[in-house]
Each structure stands twice: as structure tokens, then as C-alpha cells.
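This report refers to the structure that appears directly beneath it.
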Amino acid sequence: MRSPLLPLAVLLLLAGCGTSPPGGRQPDGQGTGTATTGTASATTSSTPGKPGCSPQSLVATVRQQPEPHCLRVGDILTITTETSPHQPWTLPASSDESILRCVAHPLADGATTATCTALRHGTAEVTTTTAAFAGDPHGPPQSQWQLRVEVT
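Using the working numbering, read the sequence shown as starting at 376 and increasing by one per residue.
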């Protein structure tokens, strides 16, 4: 005789497979930026890194800063901000180019994109900021998006 709890347990297990990872972010409106790590052409080192340091997709909003992220040497992080024609984004930059080197380009309507490569072990922060609002002095505030990256 089979237990009626077994099908329920399997169903709950399968339902959990489609949820966001801990610390994962979901977009919640305008002014968001996205960061994606790893692509089909990205290479990762063969040296084992810190557990949980696997390429994954991240989404961060201006109103909510992303959790620190972990990359392995050789991983690639791509950051793209959403359009912001009245408050253009600055080019995303790394706090330590010897650990995480970023090559950034402006896009249309105030957006930017950066491709960052993990070069060696250490910690760096990638930062981008919207420009001050040029119109009404009581207009939208300037926003900063910052991602702390640990390279293992």
C-alpha cells in the first residue's frame, strides 16, 4: 500500500524547482538594471571555487541593491541598465580593474552596458549612477546601483 503523502511530497519538491534562488531579485518597475553572468561563449576556470560561485542571472533595481555575487576567475559578467533619457546612467566601472575588468559602452536613451571579466582572486564593486535630474530641482533623485563581486 502506497502512502498518500508520497505524491504530495513529490509535487512540493517539483514546485520548489522553479523558484528564484536565495538572494535572487525580481524586477519591480522602471529604473532597473540587469546583470547576467556567463554566456554560451564564456569560459570558466577549471579550479574549483567557492560553493555557489556558478554563473547565473541577476536582476537588480535602483530601489533595491543586489546581494553580493561570486564569480570564478575567467567568468564574464554583463551589466545592462534600462533606458533613462532624462537621467542617463554613467558607464559601469569596477573599483579594482586588476580583479574585475569592465569594458563599458553607452546605449540609446541613457542606458549603458558593460562586460566585466574576472581576472584574479579578490573583491571588487561595480558601480553605475544616474545623472542628476536637469529639470525640476524637486524632480527624481539621483540613483546609484552597486554590485559587490567576489572572485574565487
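Where is the CB? At the ideal position from N, CA and C, for every residue including glycine.
- According to the DSSP secondary-structure assignment, E500 is paired through a beta bridge with R523.
- Between W520 and the set H496, A468 and L452, the nearest pair of CA atoms involves A468.
- Residue pairing by DSSP leaves A509 without any beta bridge partner.
- When secondary structure is reduced to three states using DSSP, A486 falls in the coil class, being assigned neither helix nor strand.
- S473 is classed as exposed because its beta carbon has fewer than 16 other beta carbons within 10 Å across all chains shown.
- In this structure, the alpha-carbon of L522 lies about 12 Å from that of C491.
- Secondary structure remark: continuous beta strand (DSSP E) runs of at least 3 residues inside the segment 437–471, in chain order: 444–446 and 451–456.
- Between the segment 476–489 and the segment 507–518, the count of C-beta pairs closer than 8 Å stays below three; the two stretches do not touch.
- For L475, the uninterrupted beta strand (DSSP E) run begins and ends at L475 to P481, by DSSP.
- Counting other Cβ atoms within 10 Å of its Cβ, H444 reaches 16 or more and is therefore classed as buried.
- Assignment of C428 by DSSP, reduced to helix, strand and coil, places it in the coil class.
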